[in-house]
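Student: Here it is: the structure, laid out below.
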Amino acid sequence: MQSNFLAKLLTIVLFVFSMNVQAQNEEHEGTPEEVSLKTKIKESINHHLLDSHDFIFFSDTETGKHYGFSLPVILIDEGIQLFSSSKFHHGETVAENNGNYYKLYHNKIYKTDAEGTITLDDHHHPTQVKPLDFSITKSVLMIIITGILMFLAFAGMAKSFKKGPIVTGAGRFLEPIIIYIRDEIAIPNIGINKYKKYMPYLLTVFFFVWFLNLFGLTPLGVNVTGNIAITFALALITFIITQFSGNKNYWKHIFWMPGVPVPMKIILAPIELLGVVIKPFALMIRLYANIMAGHIVLMSLIGLIFVFHNWIGSSLTFVLAFAISMIELLVALLQAYIFTMLSALYFGFAVEEHDEAH
Amino acid sequence: MDKLINDFSFGLFFWQITLFLLLLILLKKFAWKPILNALNEREEGIKNALDAAENAKKEMESLNADNERILKEARAERENLIKEAREIKTKMIADAKEEAKATADDMITQAQEAIVNEKKSAIADLKNQVASLSIEIAEKVVKEELSNKDKQLKLVESMLDDATLN
Numbered sequence: 001m002q003s004n005f006l007a008k009l010l011t012i013v014l015f016v017f018s019m020n021v022q023a024q025n026e027e028h029e030g031t032p033e034e035v036s037l038k039t040k041i042k043e044s045i046n047h048h049l050l051d052s053h054d055f056i057f058f059s060d061t062e063t064g065k066h067y068g069f070s071l072p073v074i075l076i077d078e079g080i081q082l083f084s085s086s087k088f089h090h091g092e093t094v095a096e097n098n099g100n101y102y103k104l105y106h107n108k109i110y111k112t113d114a115e116g117t118i119t120l121d122d123h124h125h126p127t128q129v130k131p132l133d134f135s136i137t138k139s140v141l142m143i144i145i146t147g148i149l150m151f152l153a154f155a156g157m158a159k160s161f162k163k164g165p166i167v168t169g170a171g172r173f174l175e176p177i178i179i180y181i182r183d184e185i186a187i188p189n190i191g192i193n194k195y196k197k198y199m200p201y202l203l204t205v206f207f208f209v210w211f212l213n214l215f216g217l218t219p220l221g222v223n224v225t226g227n228i229a230i231t232f233a234l235a236l237i238t239f240i241i242t243q244f245s246g247n248k249n250y251w252k253h254i255f256w257m258p259g260v261p262v263p264m265k266i267i268l269a270p271i272e273l274l275g276v277v278i279k280p281f282a283l284m285i286r287l288y289a290n291i292m293a294g295h296i297v298l299m300s301l302i303g304l305i306f307v308f309h310n311w312i313g314s315s316l317t318f319v320l321a322f323a324i325s326m327i328e329l330l331v332a333l334l335q336a337y338i339f340t341m342l343s344a345l346y347f348g349f350a351v352e353e354h355d356e357a358h
Numbered sequence: 359m360d361k362l363i364n365d366f367s368f369g370l371f372f373w374q375i376t377l378f379l380l381l382l383i384l385l386k387k388f389a390w391k392p393i394l395n396a397l398n399e400r401e402e403g404i405k406n407a408l409d410a411a412e413n414a415k416k417e418m419e420s421l422n423a424d425n426e427r428i429l430k431e432a433r434a435e436r437e438n439l440i441k442e443a444r445e446i447k448t449k450m451i452a453d454a455k456e457e458a459k460a461t462a463d464d465m466i467t468q469a470q471e472a473i474v475n476e477k478k479s480a481i482a483d484l485k486n487q488v489a490s491l492s493i494e495i496a497e498k499v500v501k502e503e504l505s506n507k508d509k510q511l512k513l514v515e516s517m518l519d520d521a522t523l524n
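Shown next as structure tokens:
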């Protein structure tokens, strides 16, 4: 309970802090034109939603200064190109490394010439080559940080269990969650005999998604779980585990549904096969869309405070933004729960044994 | 869909898969296994302790029942003992009374016998004395009678008369 309260308090404090920063920027601007402000907010939101090659806490729009640090860029382009993202100067200049020129366009790296020309096709996509980008981006950094935090927390908890059956410290807060995942998610969905094999994955994915969702709510501006590549990777792992643990019964229900006439079996097979792919696809889209939407709504509401530019409107929007951020805290947990729950459900389908035809 | 594909970054996907799998393996080895085992062990321990408590309770109950039974038996035995003792006492008193009575009877009988014997011997003695007295008297009488002849003859005659009469 205390941890929850602390999280709320932290969110509120950081929330207020982040608004101060933006408010200052706005005052410095002097003559605020409504249209340019709106575009700016929109750009800021769009920028926030995307992954980036540097970690910026906040920017001073007047002086064009960015407060943060740069991250390493790793490209596969005629060998490995490794350089610091500071070379891009936040996308304003062309980065040169070993005689190759790279330019940032919408947070993506394109290979270009010394002048940094980017030509667009009819669909507004650049025609330049996009080298394979294995950079340690903001999201990758957050994944690493979350991973380290999780490892410290849970390895510490395991160590504390070695001393006695009663866990101490942060484990006291985490232990009921672990028991909940075991007793309410894994055992009812997978079955008492087979759940043990899947517990490590379910626990890891739950805490991973939950912690990253929570990090997304801090003004650090990380939107890891709202990134399609992340949710795709997680859904892919669930998909692979499901298919590899599928027993005879599972495949039989897909390709030759028992208990229905033969023509139905033929019709059902492609539908079931499609379902196999749709299930993890839904898993991917659900997490991505929920987190993405939450970020957009929250940031838009914060942006509204500055659009209103008067006491009543701004304070009302502040209350609204506050309420939404509380809901987002819940959504952060809920989405982690749903992802884990559905993964467990799919594993349950794959290992299910039953004799009766239906 | 176009936006989704456009947003998809292979590099991020690669890192996510790699880092996530690494995290999964590390956590599985260093965290989940020990934690889940510890939780299971603890639950087993609690379950066993509860079972043991339940068993102990049952045992206590059966012990109590035993105690109750033993107490009852003891009480019954005591009752029996007391009853028996009472019976013995009554019997002893009755016996003693009877014996006393028998002895008294015996003694009375003996006393009576003794009295009868004494009486008999006394009577015999008296008879003897009376006889000897009679003889003495008879002797004196006879001596007197026989001191003259007439008297002797008279006597013989009377005697003969008696004898004839008989």
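Going line by line, the protein sequences match chains X and U. The letter at position 293 of the first sequence is residue 293 when you use this note's numbering, and the numbering goes up by one with no holes. Start counting at 1 in the second sequence, then tack on 358, and there's your number in this note's numbering. Beta carbons: idealized from backbone N, C-alpha and C, even for Gly. Source: prediction; values computed, not measured.
(1) In chain U, which residues lie less than 7 Å from X/V391 when you measure between Cβ atoms?
(2) Under 8 Å by Cβ, that's how I've got X/I143 and U/L377 pegged, so tell me the actual separation to the nearest angstrom.
(3) Closer than 6 Å by C-beta to X/Y250: which residues in its own chain qualify, once you throw out the five before and the five after it? Chain order, please.
(4) Determine the direct distance from the alpha carbon of U/L429 to that of U/M438, and round the result to whole angstroms.
(5) Per DSSP, which one or two residues make a beta bridge with U/Q468?
(6) What number of angstroms, rounded off, separates the C-alpha of X/N25 from the C-alpha of X/I80?
(7) Could you give the DSSP three-state label for X/G68: helix, strand or coil?
(8) Can you give me, in chain order, the residues of the segment 180 to 208 of chain X that have a beta carbon less than 9 Å from any beta carbon in chain U?
(9) Specify the secondary structure class of X/N97 as computed by DSSP and reduced to three states.
(10) Would you check if the distance between the CB atom of U/A389 and the CB atom of X/M157 is smaller than 8 Å?
(11) Are at least three pairs of beta-carbons, each pair with one atom in the segment 408 to 415 of chain U and one in the segment 165 to 173 of chain X, less than 8 Å apart?
(12) If you draw a straight line from the C-alpha of X/D122 to the C-alpha of U/K361, how long is it?
(13) What are the boundary residues of the beta strand (DSSP E) that X/F134 is part of?
(14) U/I440 CB to nearest chain X CB: under 8 Å?
(15) Anything in chain U within Cβ reach of X/I296, meaning under 7 Å, just list it in chain order.
(16) Is there a C-beta anywhere in chain U that falls below 8 Å from the one on X/T137?
(17) Assuming X/T119 is part of the alpha helix (DSSP H), what are its boundary residues?
(18) According to the neighbour-count rule (16 or more other Cβ atoms, all chains shown, within 10 Å of its Cβ), is X/D54 buried or exposed?
(19) If the criterion is Cβ atoms closer than 8 Å, does the pair X/F161 and U/I393 meet it?
(20) X/M299 touches chain U at which residues, Cβ-Cβ below 7 Å?
(21) Please report the distance separating the alpha-carbon of X/L104 from that of X/A95.
(22) Using a cut-off of 8 Å between C-beta atoms, extract the partners of U/L381 located in chain X.
(23) Using the beta-carbon of each residue, which ones in chain X are nearer than 7 Å to U/K544?
(24) Quick one: which residues of the segment 104 to 132 of chain X get their C-beta closer than 7 Å to a C-beta of chain U? List them in chain order.
(25) Between which two residues does the beta strand (DSSP E) harbouring X/K111 extend?
(26) Closer than 8 Å by beta-carbon distance: list the chain X residues that pair up with U/I377, in chain order.
(27) For X/L345, which residues from the same chain have a beta carbon less than 7 Å from its beta carbon, with the 5 sequence-adjacent residues on both sides left out?
(28) Check whether chain U comes within 8 Å of X/I230, counting only Cβ atoms and requiring the distance to be less than that.
(29) Is it buried or exposed for U/S367, if we count other Cβ within 10 angstroms and need 16 for buried?
Tutor: To lay it out plainly:
(1) Residue 391 of chain X cannot be examined here, being either before or after the span of chain X that is shown, 1 to 358.
(2) Their Cβ separation, rounded to whole angstroms, is 5 Å, which keeps X/I143 and U/L377 in contact under 8 Å.
(3) Counting only Cβ-Cβ distances below 6 Å, and skipping sequence neighbours, we find A350.
(4) A small fix is needed here, since residue 438 of chain U is Asn in this sequence, not Met. Straight-line Cα distance between these residues: approximately 14 Å.
(5) The partner list for U/Q468 (beta bridge, DSSP) is empty, contrary to what the question assumes.
(6) For X/N25, the predicted model reports a pLDDT of 46, less than 50, meaning its position is unreliable; a value from the coordinates is still stated below. C-alpha separation (whole angstroms): 39 Å.
(7) It is a strand residue.
(8) Those residues of the segment 180 to 208 of chain X that come within reach of chain U (Cβ to Cβ, closer than 9 Å) are R182, K196, M199, P200, Y201, L203, T204, V205, F207, F208.
(9) In the structure shown, X/N97 sits in a strand (DSSP, three-state: E or B).
(10) Between U/A389 and X/M157, the gap from beta carbon to beta carbon is short of 8 Å.
(11) Because the criterion of three Cβ pairs below 8 Å is not met, the segment 408 to 415 of chain U and the segment 165 to 173 of chain X do not touch.
(12) CA-to-CA, the gap between X/D122 and U/K361 works out to about 15 Å.
(13) Per DSSP, X/F134 lies in no beta strand (DSSP E) segment and is marked neither H nor E.
(14) Taking Cβ atoms only, chain X never reaches closer than 8 Å to U/I440, which makes this a no.
(15) Neighbours of X/I296 across chain U, judged by C-beta separation under 7 Å, do not exist; the nearest C-beta is about 13 Å away.
(16) Yes, contact with chain U.
(17) For X/T119, no alpha helix (DSSP H) encloses it, and the DSSP letter there is neither H nor E.
(18) In this structure X/D54 is buried. Its beta-carbon is surrounded by 16 or more other beta-carbon atoms within 10 angstroms.
(19) Yes, these two residues count as a Cβ contact at 8 Å.
(20) In chain U, no part has a C-beta under 7 Å from the C-beta of X/M299; the shortest such distance is about 17 Å.
(21) For X/L104 and X/A95, the distance between alpha carbons rounds to 9 Å.
(22) Ordered by position in chain X, the residues that pass the 8 Å Cβ test against U/L381 are G147, M150, F151, T204, F208.
(23) This structure cannot settle anything about residue 544 of chain U, because the visible part of chain U is limited to 359 through 524.
(24) Cβ contacts with chain U come from L132.
(25) Secondary structure note for X/K111: its beta strand (DSSP E) is the uninterrupted segment 108 to 112.
(26) Note on identity: in this sequence residue 377 of chain U is Leu, with Ile being the wrong assignment. The contact set of U/L377 on chain X, defined by CB atoms closer than 8 Å, consists of V140, I143, I144, G147 in chain order.
(27) Here the set comprises N189.
(28) For X/I230, the closest Cβ of chain U is nearer than 8 Å.
(29) With 16 or more other Cβ atoms within 10 Å, it is buried.
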